[in-house]
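Asker: Before I ask anything, here is the structure I am working with.
Residue numbers (the UniProt record's numbering): 1 to 261.
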């Protein structure tokens, strides 16, 4: 009978050794009250978490590292100078808890004790290296620095693209018709590159209108245009580009014909 009970206990202990890792919520940090005369922090370790650490409770360094890793997700960090005191104190509390658990053979009772037990340790303010407010300030500072960097890089990119896209030659009205068509073709190409983001809204840019110094309007069609037949592709129409100029030429020819008549 005693052998059977020992075997059952060994199987239970083995199953507890292969439990899942400790969840961070099984460890709590209670900050001091604002008006407390002797402010201290309180770390509360659940029985489940304490039972996980029973295999190395006699090693202060390892106990401290395990505790440190568990409270970091909560926004806290301990000073390294507190390693020995905290590691030894927590280790001793875990040893006592283990001694309390060892005589219990009932699985349900062991689970009940683990669920109801909290191992506590007092932490002095000088032993705390970081608190959630410190973490928040650190993250905020980092985000502000990144935001400044993004703004600077954006400005550099804007200036770089501005120089790349800028036209440094003669103005539209200072060149001939053939060169004007070339300029309008170049503007059309650059406009398509610049307005690509419209497609991300589900909008397809189709056309826009330009006006030169003389007040003449020029419509630019951004839709795909089939290649012009013949070798002189520079004379291809840009879907209404320089329509007024073409119309004015035709009207002048008409007036000349009427004069000859």
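For each residue, glycine too, the CB sits at the ideal point set by N, CA and C.
Any idea which residues DSSP pairs residue 122 with across the strands?
Answerer: 42
Asker: Checking 7 Å against the spacing of the C-beta atoms, do residue 97 and residue 49 come in under that value?
Answerer: no
Asker: On the three-pair Cβ rule with 8 Å, is the region 109 to 122 touching the region 86 to 100?
Answerer: yes
Asker: Under the assumption that residue 114 contacts residue 47 (Cβ atoms under 8 Å), give the Cβ distance between them as a whole number of angstroms.
Answerer: 4 Å
Asker: For residue 161 and residue 66, I'd like the C-alpha separation in whole angstroms.
Answerer: 52 Å
Asker: When the Cα of residue 55 is compared with those of 150, 68, 43, 92, which residue comes out closest?
Answerer: 92
Asker: Taking the C-alpha atoms as reference points, what is the distance between residue 214 and residue 177?
Answerer: Residue 214 and residue 177: Cα-Cα distance of roughly 15 Å.
Asker: Just to confirm, is the Cβ distance from residue 192 to residue 222 under 7 Å?
Answerer: yes
Asker: Under DSSP, the alpha helix (DSSP H) around residue 221 begins and ends at which residues?
Answerer: From DSSP, residue 221 is part of no alpha helix (DSSP H) but of the beta strand (DSSP E) over 217 to 221.
Asker: For residue 210, list the residues DSSP reports as bridge partners.
Answerer: 218
Asker: List, from N- to C-terminal side, the beta strand (DSSP E) runs of 3 residues or more that fit wholly inside the region 41 to 84.
Answerer: DSSP assignment within the region 41 to 84 yields the following whole beta strand (DSSP E) runs of 3 residues or more, N-terminal first: 41 to 46.
Asker: Can you tell me which of 42, 77, 94, 75 puts its alpha carbon nearest to the alpha carbon of residue 60?
Answerer: Checking every option, the nearest Cα to that of residue 60 belongs to 94.
Asker: Work out the CA separation of residue 152 and residue 183 for me, nearest whole Å.
Answerer: Taking the straight line joining both Cα atoms gives about 32 Å.
Asker: Quick one: using the 10 Å Cβ neighbour count with 16 as the cut-off for buried, is residue 42 buried or exposed?
Answerer: Residue 42 is classed as exposed because its beta carbon has fewer than 16 other beta carbons within 10 Å across all chains shown.
Asker: Buried or exposed: where does residue 37 fall if 16 or more other Cβ atoms within 10 Å of its Cβ makes it buried?
Answerer: exposed
Asker: State the start and end residues of the unbroken alpha helix (DSSP H) segment that holds residue 113.
Answerer: 107 to 116
Asker: Got a sec, what are the start and stop residues for the alpha helix (DSSP H) residue 191 sits in?
Answerer: 177 to 194
Asker: What does the Cβ neighbour count give for residue 30, buried or exposed, with the cut at 16 atoms within 10 Å?
Answerer: exposed
Asker: Would you list, in sequence order, the uninterrupted beta strand (DSSP E) runs of no fewer than 3 residues that lie entirely inside the region 121 to 173?
Answerer: Segments of the beta strand (DSSP E) lying fully in the region 121 to 173: 128 to 130.
Asker: Alpha carbon to alpha carbon, how far is residue 174 from residue 167?
Answerer: 13 Å
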